[in-house]
Every structure is written in C-alpha cells, then in structure tokens.
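In terms of this note's numbering, the sequence shown opens at residue 11 and continues consecutively.
The beta-carbon is built from N, C-alpha and C at its ideal position, and this holds for glycine as well.
Worksheet for the structure shown next.
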Amino acid sequence: MASEKIIKSSDRVKNIGEVFTPLKTVNLMLDQPEIKAKIEELTATFLEPAAGEGAFLVELLRRKMEVALKQSENINDYNDKSLIALSTLYGIELMEDNMEVLVMRMYRQFAESYNKGMFMLGGQPDKQVLDSAIVIIQANMVQGNALTKLNASGEPLIFSEWKLLPKARKDARQKVQRLEYTFQDILDGNEESDGKINKEVAEDIDLLSFLDEDYDPEKDVEDKKVNYLPVKITEVYKKLTDE
11 MASEKIIKSS
21 DRVKNIGEVF
31 TPLKTVNLML
41 DQPEIKAKIE
51 ELTATFLEPA
61 AGEGAFLVEL
71 LRRKMEVALK
81 QSENINDYND
91 KSLIALSTLY
101 GIELMEDNME
111 VLVMRMYRQF
121 AESYNKGMFM
131 LGGQPDKQVL
141 DSAIVIIQAN
151 MVQGNALTKL
161 NASGEPLIFS
171 EWKLLPKARK
181 DARQKVQRLE
191 YTFQDILDGN
201 EESDGKINKE
211 VAEDIDLLSF
221 LDEDYDPEKD
231 VEDKKVNYLP
241 VKITEVYKKL
251 TDE
C-alpha cells in the first residue's frame, strides 16, 4: 500500500507550515470519547480552521453519515438527516489547490455514503439531496486565513448557519433557515446582523467552477444583502431569497 502524502513540498512546509495529518492520527483523535460523543449528536458542529485536503472533515462526514442512517426511520427522514449531518461541518483553508481537493473529497464522500444508505433503505438517491449537498459544501468550505479571518481579497470570511426550524408534526419534512455571519462575528458571539449581511454575490457559482478555465469569479458580482427564505433542507439548492 502506498504511503500517505503528508507534505507537498519543503517550501510549503517552510512558508506556511503545511503538514497533512495521517489518517491513523485522524482516527486516533476522532476516537477520543468526548469527540465520539459529539459525533453521535447529529446537530453538533465541527470547524477545521486548517482544513487542508480534508483529512479530518472527510472522516467526520463519513462517521456522521453513519449516525444519520442509524437515526433515520424512513427514506424521507434519511434524506433530511444526511443533509443535516453535512451542514454541521465547516472548514477554512488557505491554499487554493487544497481547497479544490477538499470540496471534491467532501462531495465524493457525501455521495458515496448517501448512496450506500439509500441502498440499505431500499430507496433511490434523490437528485435534490445531491444538489443541496453541493450548495452546503460551497457555503461551509471557505478559502481564506483563519488567523486574519479574511479571504485573499481582504474581505471577511462568511459562513452559513443552516438553522433547523420547528416541525409541525414528527413526520413533517425538515425546513431550514439559512443565515450568514462573518467568522469574526461568530467568534465574538455577535449576531447583530440577524444572519443577513452585505456581501459580494456571484451568481450560480458551481462547485467545480475552478476547473473551468473560462470561469471568471469577478463576473456577475454585485454587493447586496441576502435574505434567504425558509425551505425544506432538500431544497436549499434553489437558493430562494426574498428578491
């Protein structure tokens, strides 16, 4: 078996202190009793401030997807809970090449675990769930500097909270309210923005848009306050707003 890659280059180690965590170490850390207990809580959130290529986050997702399946009573319940599990995982990564690998690995792990769970439940994968997973990963995996709390353009890092809304009855589908906060506000416990902040918004950015040589992140960008509407968690891919 090929050995794991823990460094990309000596220059990156020297310049940014980049060293990837071996899977064995990841598992040892995630197997700690207090961490295992949190993983069993479907809504418990995790933030990896130096996400790299996703060593911790991908394994966390795999484990949380197992919890989602175990806690699901039927196919609809699993569709909702699988996205809830995904929505609790957040990452910040400085390097663009690592970010590309991170988002692809997160989506691949979600799709693999989700499809396996649906097979075990005797159902078929729902495209809405997979599309919503892309949007959640887009929002939760952020490129920038966790120390300065800024991205490469000097703008605040922004995260989305996927707030679970109360159900009218037990078998009702789970709805969420997408709220946005800067990383600094989250650390400060400041919620004055009420989950709505002014930011530059690029329309319809695809998860894998960075693989498109013609992609221009400056195109169709405007500064506006975004107010997302409450929707079923399986429909967050629609990105419905009040405008």
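The C-beta separation of F169 from Y100 comes to about 6 Å, placing the pair in contact by the 8 Å criterion. Put simply, the backbone Cα of V145 is about 7 Å away from that of V246.
Secondary structure at T53: coil, using DSSP grouped into helix, strand and coil. Here DSSP, grouped into helix, strand and coil, assigns L157 to coil. Collapsing the DSSP output to three states places R183 in coil. Between the alpha carbons of N108 and R73 lies a gap of roughly 22 Å.
With respect to P240, A156 sits apart: the two C-beta atoms are not nearer than 8 Å. For the 8 Å CB-CB criterion, A78 and Y88 form a contact. In this structure, L52 lies near Q81, with their beta-carbon atoms less than 8 Å apart.
Going by C-alpha positions, V111 is about 28 Å away from Y238. Cβ atoms of L71 and S142 stay farther apart than 8 Å, at about 15 Å. In the DSSP annotation of this structure, the continuous segment of the alpha helix (DSSP H) that includes G127 starts and ends at 106-131.
Rounded to whole angstroms, E76 and Q138 show a C-alpha spacing of 20 Å.
Per the coordinates, the alpha-carbon of D252 lies some 8 Å from the alpha-carbon of V236.
Pairing I85 with G133 gives a Cβ-Cβ distance under 8 Å. Between the stretch 163-177 and the stretch 193-202, the count of C-beta pairs closer than 8 Å reaches three or more; the two stretches touch. Shown here for L250: same chain residues with a beta carbon closer than 8 Å to its own, the five before and five after excluded, namely Y238, L239, V241 in chain order.
Rounded to whole angstroms, the gap between the alpha carbons of G154 and L104 is 5 Å. Taking C-beta separations shorter than 6 Å and ignoring five residues to either side along the sequence, the partners of L57 in its chain run Y100, following chain order. A residue is called buried once 16 or more other Cβ atoms fall within 10 Å of its Cβ, and R188 is buried on that count. Selection K173, E171, G64, Q148 evaluated against Q119 yields G64 as nearest (Cα-Cα).
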